[in-house]
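These notes concern the structure reproduced below.
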Amino acid sequence: MPTPGIEKVSDWILGRHPERTELAFEEDLIESRLVDSLSFVELVYVIEDASGVEVDFDTIDIADFKTLSAIEKAFFAGAGVS
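Here it is, written out as C-alpha cells:
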C-alpha cells in the first residue's frame, strides 16, 4: 500500500495530466514524459513538502525520481536522500 506521501506525489503528477486516470508504480516518469525538465524542480518541491525532507540539489540521483516506487523508497520509506 502506498504511503500518504507518495499518494500526494502521484496526485500531483496526475493533476498535471488530466488525460490520465492512473499511474503505474513502476512506470518511468521521465521516459513517459509525465515529468519533464520544466516540471522536475516542481516535483522535487512536492516531494519535499510531502516527506518533510529537504532534497539537496547538489547530490540528486535521477534514479531516485524515475518511478513512484523509486521515489517512495528514496524519500518515504526511511531510506533518506541519496
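Those letters in the sequence shown? Residues 27 to 108, per my numbering, in order. Glycine residues also receive a C-beta, built at the ideal position from the N, C-alpha and C atoms.
8 Å contact criterion, which residue i and residue j should meet: CB distance rounded
i          : j          : result
residue 65 : residue 49 : Incorrect: roughly 14 Å between the Cβ atoms, too far for contact.
residue 96 : residue 89 : 6 Å
residue 47 : residue 98 : Their Cβ separation, rounded to whole angstroms, is 20 Å, which puts residue 47 and residue 98 out of contact at 8 Å.
residue 55 : residue 32 : Contact doesn't hold; Cβ gap of about 12 Å is too wide.
Status (buried if at least 16 other CB within 10 Å, exposed otherwise) for residue i
i           : result
residue 100 : buried
residue 93  : buried
residue 78  : exposed
residue 61  : buried
residue 51  : exposed
residue 83  : exposed
residue 105 : Note that residue 105 scores 40 on pLDDT, short of 50, meaning its location in the model is unreliable; the coordinates nonetheless yield the value given after this. Looking at its Cβ environment, which holds fewer than 16 other Cβ atoms inside 10 Å, residue 105 is exposed.
Sequence-distant residues of its chain with Cβ nearer than 8 Å to residue i (five each side left out)
i          : result
residue 74 : 80, 81
residue 72 : 34, 35, 38
Beta-carbon proximity list for residue i, same chain, < 6 Å, skipping 5 on both sides
i          : result
residue 34 : 76
residue 69 : 61
residue 42 : none
Inset, instruction - Pick out the complete beta strand (DSSP E) segments inside the stretch 44-78, 3 residues or longer, and give them in chain order. - result: List check, beta strand (DSSP E) in window: nothing returned.
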